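Engineer: Below you'll find the structure I mean.
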Amino acid sequence: MRVVLGVGGGIAAYKAALLLRLFTEAGHSVTAVPTEAALSFVGKATWEALSGKPVRTDVFEAVETVNHVRLGHEADLVVVAPATADLLARAAGGHADDLLTNTLLMAHCPVLLAPAMHTEMWRHPATQANVALLRERGVHVLDPAVGRLTGADSGPGRLPEPEEIFSAALALVGGPSADDAGHLPGGPGTGRPSDSLAGRRVVVSAGGTREPLDPVRFLGNRSSGKQGAALARAALAAGADVTLVAAHMDVPPPEGARVVSVGSALELREAMLAEAPGADVLVMAAAVADFRPSEQQASKIKKRDDAADPIITLVRNPDVLVELVQRRNAAQPGQLIVGFAAETGDDASSAFDYGMAKLARKGCELLVLNEVGADAAGSERVFGQDSNAVLILARDGGEPEHAAGSKDEVAAAVVRRITRELAARATQ
Ligand SMILES: Cc1cc2nc3c(=O)[nH]c(=O)nc-3n(C[C@H](O)[C@H](O)[C@H](O)COP(=O)(O)O)c2cc1C
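In our numbering, the protein residues as written are 256 to 683.
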């Protein structure tokens, strides 16, 4: 595989030398393209010696080789580490004032940027807007690690370790089998865990919605949020950037996830629609109420002996999963959507048949089917329990996959399946 390794002018440029080594040792051909500023941190000699190739930073060097178009055009993968605040701004702005930014404009392969900078620079609205814009355009931007920065200070802004960037980069090209063009792939020992979601943005909804009746009462459900929290944890463990849209949960959200708290189904819908654009994977694990009271009273409904008992009328809530699928189909066909279904069998059909029908109706790629209710011994099977047993159903007709064990084990199985689906798409 032909890799362009861009290096920005940050203190972490030295780590890119280790990253370069990981690529070459796995058999990939690397062209290093440091910026002029990067050469103030690590000199040309290091990049040339490690890559075995001449190193240029400017479009007016070796003009006869038309590097400014050729490098990006021929690359199978472009990785920039560290991506400085300045580089993010130039990339977002479409600048082409050096060889690296020309290459970024020419590249039609996956592009991974690994930002590193001081926390203030990272959190600055200008940087955040540039990152959001780049992600919107399909560029994969890793979140920086949290830890020691240049001086004695620490916080978010640290360059992730070379092995993590390497894993994330290989995951983008679908791992060893991704390359049909005969370029050398990675392989055993490349450092890429088989279930890596590094570089991916995953949005998980979890918990049970609460539909308000009045300021103190609501209609709720028995979801504890344990399975959703476990899914977020498993996605984090696989290296994903995770947002948890959390309705009512009995357990704390996993550390490392960005949490958006919601109450009702309508709030959950709004949060999911806001978070979905740019996400690689959506997992709808929340128990979203199908119905809500038609009216929410502004003051507490009073119990009076002389008044008639209140009658609650319910209206249908929007189907968030279907709406996410419709929007995805229109705007972001590559997004993978996973639904959850809690089904019970009845005289007419089995829970499995209901699950398959639901999968077809909803249009998502995967449906994780829980059979809820009491088991033969009369014990609750799913809600609030620490263990679970599910069938993972696939729209493409693949074999249903059984996963059972702790909710963390079930979550790991679902995340592995998601990873396989994404890798299969990358090779198509
Ligand atoms: C010692 C030192 C360390 C720096 N570290 C960083 C850094 O980690 N991240 C960053 O965005 N900029 C950092 N800068 C600022 C960049 O070098 C500066 O913005 C430069 O213009 C970036 O150029 P480039 O984006 O073309 O590589 C640092 C500057 C100095 C002098």
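The beta carbon of each residue, even a glycine, is placed where N, CA and C say it ideally should be. Here the structure is a predicted model, which means the values were calculated and not measured.
For GLY610 and GLU418, I'd like the C-alpha separation in whole angstroms.
Structural biologist: Residue mapping note: residue 610 aligns to position 355 of the sequence shown, counting from 1. Residue mapping note: residue 418 aligns to position 163 of the sequence shown, counting from 1. Looking at the two C-alpha atoms, the distance is approximately 40 Å.
Engineer: Check whether the Cβ of GLY263 sits closer than 6 Å to any heavy atom of ligand 1, and report yes or no.
Structural biologist: Taking the sequence shown and counting its residues from 1, the one referred to as residue 263 is at position 8. Yes, the beta carbon of GLY263 sits closer than 6 Å to at least one heavy atom of ligand 1.
Engineer: Report yes if the CB atom of ASP268 is closer than 7 Å to the CB atom of VAL262, and no otherwise.
Structural biologist: Walking along the sequence shown from the start, residue 268 turns up at place 13. Walking along the sequence shown from the start, residue 262 turns up at place 7. What sits at residue 268 in the sequence shown is Ala, not Asp. Cβ atoms of ALA268 and VAL262: closer than 7 Å.
Engineer: Would you report the Cα separation of LYS308 and PRO655, rounded to the nearest angstrom?
Structural biologist: Residue mapping note: residue 308 aligns to position 53 of the sequence shown, counting from 1. Residue mapping note: residue 655 aligns to position 400 of the sequence shown, counting from 1. Roughly 49 Å between the two C-alpha positions.
Engineer: Do GLU530 and THR498 count as a contact pair if the criterion is CB distance below 7 Å?
Structural biologist: Along the sequence shown, one-based indexing puts residue 498 at 243. Along the sequence shown, one-based indexing puts residue 530 at 275. Result yes, Cβ atoms of THR498 and GLU530 sit closer than 7 Å.
Engineer: My output table needs one value for ARG680: the three-state DSSP class, helix, strand or coil.
Structural biologist: Against the sequence shown, residue 680 aligns to sequence position 425. If DSSP states are grouped into helix, strand and coil, ARG680 belongs with the helices.
Engineer: Could you check if ASP602 is buried or exposed, using at least 16 other CB atoms within 10 Å of its CB as the buried criterion?
Structural biologist: Here residue 602 refers to the residue found at position 347 of the sequence shown. Under this definition ASP602 is an exposed residue.
Engineer: Considering only residues of the same chain and omitting the five flanking positions on each side of ALA272, which have a CB-CB separation below 8 Å?
Structural biologist: If you number the sequence shown from 1, residue 272 lands on position 17. Correct list, in chain order: VAL297, THR301, TRP302 and LEU305.
Engineer: Mark ARG680 as exposed unless 16 or more other C-beta atoms lie within 10 angstroms of its C-beta, in which case mark it buried.
Structural biologist: Taking the first residue of the sequence shown as position 1, residue 680 is located at position 425. Looking at its Cβ environment, which holds fewer than 16 other Cβ atoms inside 10 Å, ARG680 is exposed.
Engineer: Which same chain residues, not among the five before or five after GLY412, have their C-beta less than 6 Å away from its C-beta?
Structural biologist: Taking the sequence shown and counting its residues from 1, the one referred to as residue 412 is at position 157. So the qualifying residues of the chain are MET372, HIS373, THR374, TRP377, PRO399 and LEU404.
Engineer: If we ignore side chains and look at the alpha-carbon of each, how far apart do VAL324 and VAL333 end up?
Structural biologist: The sequence position of residue 324 within the sequence shown is 69, counting from 1. The sequence position of residue 333 within the sequence shown is 78, counting from 1. Between VAL324 and VAL333, the C-alpha separation is close to 14 Å.
Engineer: Ligand 1 heavy atoms versus the CB of ILE266: any closer than 6 Å?
Structural biologist: Taking the first residue of the sequence shown as position 1, residue 266 is located at position 11. Flag set: Cβ of ILE266 near ligand 1.
Engineer: Does SER449 pass the burial test, meaning 16 or more other C-beta atoms within 10 Å, or should it be called exposed?
Structural biologist: Against the sequence shown, residue 449 aligns to sequence position 194. Confidence is the limiting factor: at SER449 the pLDDT is only 39, short of 50, which leaves the residue's position unreliable and the question unanswerable from this model.
Engineer: In the DSSP assignment, find the beta strand (DSSP E) that holds ALA369 and state where it starts and stops.
Structural biologist: Working through the sequence shown from its first residue, we reach residue 369 at position 114. Taken as a continuous stretch (DSSP letters only), the beta strand (DSSP E) holding ALA369 covers 366-370.
Engineer: Rounded to whole angstroms, what's the CA-CA distance from ALA387 to PHE421? Just pull it up for me.
Structural biologist: Reading the sequence shown from its first residue, position 132 is the one you call residue 387. Reading the sequence shown from its first residue, position 166 is the one you call residue 421. Those two C-alpha atoms are separated by around 22 Å.
Engineer: Would VAL458 and LEU537 be called neighbours here (beta carbons separated by less than 7 Å)?
Structural biologist: Residue mapping note: residue 458 aligns to position 203 of the sequence shown, counting from 1. Residue mapping note: residue 537 aligns to position 282 of the sequence shown, counting from 1. In this structure, LEU537 lies closer than 7 Å to VAL458 by Cβ.
Engineer: To the nearest angstrom, report how far apart ALA492 and ILE673 are at their CA atoms.
Structural biologist: Counting from 1 along the sequence shown, the entry for residue 492 is found at position 237. Counting from 1 along the sequence shown, the entry for residue 673 is found at position 418. Each residue's Cα considered, the two are about 14 Å apart.
Engineer: In the structure shown, what three-state DSSP assignment does ASN572 receive?
Structural biologist: For this step, residue 572 is matched to residue 317 along the sequence shown. ASN572: coil per DSSP, three-state reduction.
Engineer: Applying the 10 Å Cβ sphere with the 16-neighbour rule, what's the burial state of ALA585?
Structural biologist: Here the question's residue 585 lines up with position 330 in the sequence shown. Looking at its Cβ environment, which holds fewer than 16 other Cβ atoms inside 10 Å, ALA585 is exposed.
Engineer: Flag THR356 as yes when its Cβ comes closer than 6 Å to any non-hydrogen atom of ligand 1, and as no otherwise.
Structural biologist: The count along the sequence shown starts at 1 and reaches residue 356 at position 101. Flag unset: Cβ of THR356 not near ligand 1.
Engineer: Would you kindly report the start and end of the unbroken alpha helix (DSSP H) that includes ALA303?
Structural biologist: Against the sequence shown, residue 303 aligns to sequence position 48. In the sequence as displayed, the identity of residue 303 is Glu instead of Ala. 299-306 is the extent of the alpha helix (DSSP H) around GLU303.
Engineer: Excluding sequence positions up to five away, which residues of its chain have a Cβ less than 6 Å from the Cβ of LEU355?
Structural biologist: As a position in the sequence shown, residue 355 is number 100, starting the count at 1. Around LEU355: GLY261, VAL288 and THR290.
Engineer: Could you name the residues that DSSP lists as bridge partners for ILE647?
Structural biologist: Against the sequence shown, residue 647 aligns to sequence position 392. In DSSP, ILE647 forms a bridge with VAL623 and GLU656.
Engineer: Looking at the structure shown, is LEU614 part of a helix, part of a strand, or coil, going by DSSP?
Structural biologist: For the purposes of this step, residue 614 is taken as residue 359 along the sequence shown, with counting starting at 1. Of the three classes helix, strand and coil, the one that applies to LEU614 here is helix, per DSSP.
Engineer: Whole angstroms are fine: how far does the CA of ASP560 sit from the CA of GLY589?
Structural biologist: Residue 589 sits at position 334 when you count from the first residue of the sequence shown. Residue 560 sits at position 305 when you count from the first residue of the sequence shown. Cα to Cα, the separation comes out at about 59 Å.
Engineer: Just the Cα atoms here: how many angstroms apart are ALA629 and GLU525?
Structural biologist: Taking the sequence shown and counting its residues from 1, the one referred to as residue 629 is at position 374. Taking the sequence shown and counting its residues from 1, the one referred to as residue 525 is at position 270. Because ALA629 sits at a pLDDT of 48, beneath the cut-off of 50, its placement in the model cannot be relied upon, and the following sentence gives the value as read from the coordinates. The straight-line gap from Cα to Cα measures roughly 33 Å.
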